[in-house]
Amino acid sequence: MGFESINYTPATVCVLTAAGSFGFDNVAFFFFFSHLIPHSFLKQLEVLVKAVAWKEMDGDSLCGEDDNFDWDSEDEREIENCRLSASSSLTLPAAEATANTAVASSSVGSSGSKLIDHFVGMGFPQKMVAEAILENGEENTDLILETLLKCSARSSAGSSGSKLIDHFIGMGFDAEMVAKAIQENGEGNTDTILETLLTYSAIKKSPEEQPHVDSDHWSSEYDGDLLDDFSDIDSFENEEIAKSEPDEGNTLLFLARMGYTVEEASIAVERCGPDATIAELTDFICAAQMAKAADASFPEEKPTLKHFDDDYPKHKKRSYYEYDLWKRKQRMKLEKRMLHGDDELLRLPNPMIGFGVPTEPAVVTHRTLPEAAIERPYFYYENVALAPKGVWSTISRFLYDVEPEFVDSKYFCAAARKRGYVHNLPVQNRFPLLPLPPRTIHEALPLTKKWWPSWDARTQLNCLQTCVGSAKLTDRIRKAIEDYEGDPPLSIQKFVLDECRKWNLVWVGRNKVAPLEPDEVEMLLGFPRNHTRGGGISRTDRYKSLGNSFQVDTVAYHLSVLKDLFPGGINLLSLFSGIGGAEVALHRLGIRLKNVVSVEISEVNRNIIRCWWEQTNQTGNLIDIVDVQQLNADRLEQLMNSFGGFDLVVGGSPCNNLTGSNRHHRSGLEGKESSLFFDFCRILDLVKCIMTRN
DNA sequence: TTTATAATGACTTGGAAG
DNA sequence: CTTCCAAGTCATTATAAA
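Residue numbering for the first sequence follows full-length UniProt numbering, beginning at 1 and increasing consecutively.
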């Protein structure tokens, strides 16, 4: 059976991947891509497949004809479930709306910004788009397209194979889409490939995602307000403006989103030069518009000025500078609203106790899961709570719209650890690991009590991270305070406390602070002593592995409900295992580990798990896998057939690009490491598919 | 080569103060 | 309500030392 009339969902995407792994030539590209292409593209692919679902496009063209993937009625039911869940716009904004409205209008909009959006969305460089529009006019989209295709063909001469793929991906098309287009048209004919891609993009792109800005913005009150706000400001501070720029290469698009026409924007860019700031450009455009207005004999005061002025507090006498400043801030807010929309972001709970912690009265004893999340297996996903805006909404959306549970481990141990957990486990009748671990520094590290100064009011530690304070810093602190008989002056106290909080330093002697020892970190995180010690691991690497790990007591509390559900033990798929936080948690809960498939890229971490496994006299079976990206449907099915599927899929994907500690590459889920989250989704979906079929 | 060390902010949130 | 400020964050990179 083929893929006809299937509702495409994220689950389906993984099925496509699965089909590829069965070795059919015509789908080999899919397999190839799903592992080598940045997985951020999968997110976009999700949008595409949903759009395709609504479009009721013929499925055969998307996945190849000859697959022997056996779809029985149960599969179709499951797929249907997935679709239903995907269409319930529980949390999310743009992507969902995109899919829903894609059918309504697949034609190209006539407004300037829409037009730019449309073509830029297809992956054409925006400069090229603008030139093409200027050349052909906004009306004739076919001509624009032709121009763009010519330009693209020129720059893609001589490409073949993966180069060809790279080329189209570089243009912004989804990897899977590219693979399919190449597969359909052959490598030789780049033009038809591009056309195919454009067709898909047209389906994918939706007017909802694009700003509602009329090309005739003079007639729009809202746009008028905006323009007026700009025109009214004489002096822009460029750095402020620059901050609001979404992307440095998207100047034209940005201007278009502000409501200017392509023509206006292009002329401004042309006149002001490519390096001009948005402020300079808007100034230029405003000047041009005022001239235009004067030409058209509009002598009256622009009506839209009042909008902001009405809000300006009149009872206070302020200088012009203050007024200007206030005005700019109003504008910044407006821009922010425009850029990010009014999408409601997930709020972190305060206190951060999720659905309940052992020491506080339970707040949630029962919850209703989305339908698609109920089926087997249980899954448990973890990552940092304080991720960039929108990240958790995305994570939730990809994990069947399950609401994340945000918990700070300071309710379980003596150190804070703010994390979000998305899981489909029951939340009733949880129980903690015993004995309850110490929850204050003094209880956890009794030897520090003797040296703890009264002016250091800390009772708990901050988040245990991968780096520790340097010796030089502790020396600076010692020198700063050893000159004083009693308490040092407040300024010194503040300096010391700030550094202690930043580096989690504890008092180990008179005027002596020190970072935590690795075994102290192990203890705080709930691991057995020396869990990460020996076996050729360096001290630095111990800190790193521990800093990246679960807090065992916290995770165990959530997983405790499995004990009654699986009295005979469980089969566990552990992705991004690290030093085995999930395994340790389950073991300490007394849940037998029957078969554990552990996927972990780091060799030292795999050794740590293997060591622990052997030391704890496990009766089950531990299988190592190195790379989640190499874990395909074939391997999974082979594994699952041998022991009958997984009861639990656990994983905390890398947070490198999400955490605030990262000064260099905090790029969100699209980041190099953090995009591995999409592999968690992929593999979870594969497991679901295989288990539903068997 | 491996390991340890030091230098490197941005971004978000909550709460106090006005 | 706005404005301001304090607090906190599963880190990366270059360089020195072993």
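The C-beta atom is built at its ideal place from N, Cα and C for all residues, glycine as well.
| the stretch 403-422 touching the stretch 380-388, judged by at least three CB pairs closer than 8 Å | In this structure the stretch 403-422 lies against the stretch 380-388, because at least three pairs of beta carbons, one per stretch, are closer than 8 Å.
| task | Would you mind stating whether Phe527 and Val506 have Cβ atoms separated by less than 8 Å? | result | At the C-beta level, Phe527 and Val506 stay beyond 8 Å of one another.
| said: Among Trp455, Tyr543, Tyr557, Cys463, whose alpha-carbon lies nearest the alpha-carbon of Ser661? | reply: Here the closest residue by C-alpha is Cys463.
| said: In this structure, how does DSSP classify Trp613 when only helix, strand and coil are distinguished? | reply: Trp613 falls in the helix class under three-state DSSP.
| Looking only at its own chain, which residues have a Cβ that is under 6 Å from the Cβ of Pro446, when we skip the five neighbours before and after it? | The answer is none, since no qualifying residue turns up.
| message | Residues in the same chain with beta-carbon distance under 8 Å from Trp503, minus the five sequence neighbours each way, listed in chain order, please. | response | Contacts found: Val468, Gly469, Leu473, Pro515.
| task | Check Val555 in the structure and name its three-state DSSP category. | result | Correct three-state label for Val555: helix.
| field | Gly547 - containing alpha helix (DSSP H), residue span | value | DSSP places Gly547 in the uninterrupted alpha helix (DSSP H) bounded by 539-547.
| Taking the C-alpha atoms as reference points, what is the distance between Asp401 and Leu636? | Distance between the alpha carbons of Asp401 and Leu636 is about 25 Å.
| said: Tell me which residue opens and which closes the alpha helix (DSSP H) that Asn641 is part of. | reply: For Asn641, the enclosing alpha helix (DSSP H) has its first and last residue at 633-643.
| task | With a floor of 4 residues, list each alpha helix (DSSP H) that falls wholly inside the stretch 390-433, ordered by position along the chain. | result | Correct list: 391-398.
| With 16 other Cβ atoms within 10 Å as the buried cut-off, status of Ile625 | Its Cβ being crowded by 16 or more others within 10 Å, Ile625 is buried.
| Terminal residues of the continuous alpha helix (DSSP H) containing Phe680? | Unbroken alpha helix (DSSP H) run through Phe680: 677-693.
| message | If distances are taken between C-alpha atoms only, which option among Ile623, Phe576, Ile601, Arg606 comes closest to Leu593? | response | For the residues Ile623, Phe576, Ile601, Arg606, the minimum Cα distance to Leu593 belongs to Ile623.
| request: Helix, strand or coil for Ala514, going by three-state DSSP, please let me know. | output: In the displayed model, Ala514 falls within a strand according to three-state DSSP.
| Does the distance from the CB of residue 735 to the CB of Tyr543 come in under 8 Å? | No statement about residue 735 is possible, as the shown extent of the chain runs from 1 to 694 and does not include it.
| query | Taking contact to mean at least 3 C-beta pairs separated by less than 8 Å, is the stretch 358-378 in contact with the stretch 390-398? | reply | Counting Cβ pairs under 8 Å, fewer than three are found: no touch.
| field | Cβ shell of Gly590 (< 7 Å), same chain only, five flanking positions each side left out | value | Lys563, listed in sequence order.
| said: Please classify Ala633 as buried or exposed, where buried requires at least 16 other C-beta atoms within 10 Å of its C-beta. | reply: Classification for Ala633: buried.
| task | Provide the residue(s) that pair with Val599 in DSSP beta bridges, ordered along the chain. | result | According to DSSP, which records beta bridges pairwise, Val599 is partnered with Leu575, Ile625.
| Option in Ile690, Ser454, Pro438, Met352 with minimal Cα separation from Phe406 | Among Ile690, Ser454, Pro438, Met352, the Cα nearest to that of Phe406 is on Met352.
| By a C-beta neighbour count over all protein chains shown, 10 Å radius and 16 as the cutoff for buried, is Asn657 buried or exposed? | It counts as buried.
| In this structure, what does DSSP give as the bridge partners for Glu371? | Per DSSP, none; premise fails for Glu371.
| Any contact of the stretch 431-439 with the stretch 447-458, i.e. 3+ C-beta pairs under 8 Å? | Taking 8 Å as the limit for Cβ pairs, the verdict is that the stretch 447-458 does not touch the stretch 431-439.
| task | Grab the span of the beta strand (DSSP E) containing Gly652 for me, first residue to last. | result | That run of the beta strand (DSSP E) goes 648-652.
| task | Give me the Cα-Cα distance between Trp612 and His531, rounded to the nearest whole angstrom. | result | Each residue's Cα considered, the two are about 7 Å apart.
| query | Which value, in whole angstroms, describes the spacing of the CA atoms of Thr554 and Gln126? | reply | So the alpha carbons of these two residues sit roughly 48 Å apart.
| query | Does the Cβ of Lys688 have 16 or more other Cβ atoms within 10 Å, making it buried, or fewer, making it exposed? | reply | It is buried - the Cβ of Lys688 has at least 16 other Cβ atoms within 10 Å.
| Whole-angstrom distance between Gly568 and Gly644, CA atom to CA atom | Approximately 14 Å between the Cα atoms of the pair.
| request: Report yes if the C-beta distance between Val649 and Leu573 is below 8 Å; otherwise report no. | output: In this structure, Val649 places its C-beta atom within 8 Å of the C-beta atom of Leu573.
| Simplified DSSP state of Ser674, which is helix, strand or coil | Correct three-state label for Ser674: helix.
| said: If I measure Cβ to Cβ from Leu676 and keep anything under 8 Å in the same chain, skipping five residues before and after, which residues do I get? | reply: Here the set comprises His39, Phe576, Val628, Gln629, Ser653, Pro654.
| Just how far apart, CA to CA, sit Gln428 and Gly354? | About 13 Å.
| query | What did DSSP end up calling Glu382 once you bin it into helix, strand or coil? | reply | Glu382 falls in the strand class under three-state DSSP.
| query | By a C-beta neighbour count over all protein chains shown, 10 Å radius and 16 as the cutoff for buried, is Pro370 buried or exposed? | reply | Around the Cβ of Pro370, a 10 Å sphere holds 16 or more other Cβ atoms; the residue is buried.
| query | Quick one, are the C-beta atoms of Ile477 and Val513 less than 8 Å apart? | reply | Val513 is positioned such that its CB atom lies closer than 8 Å to that of Ile477.
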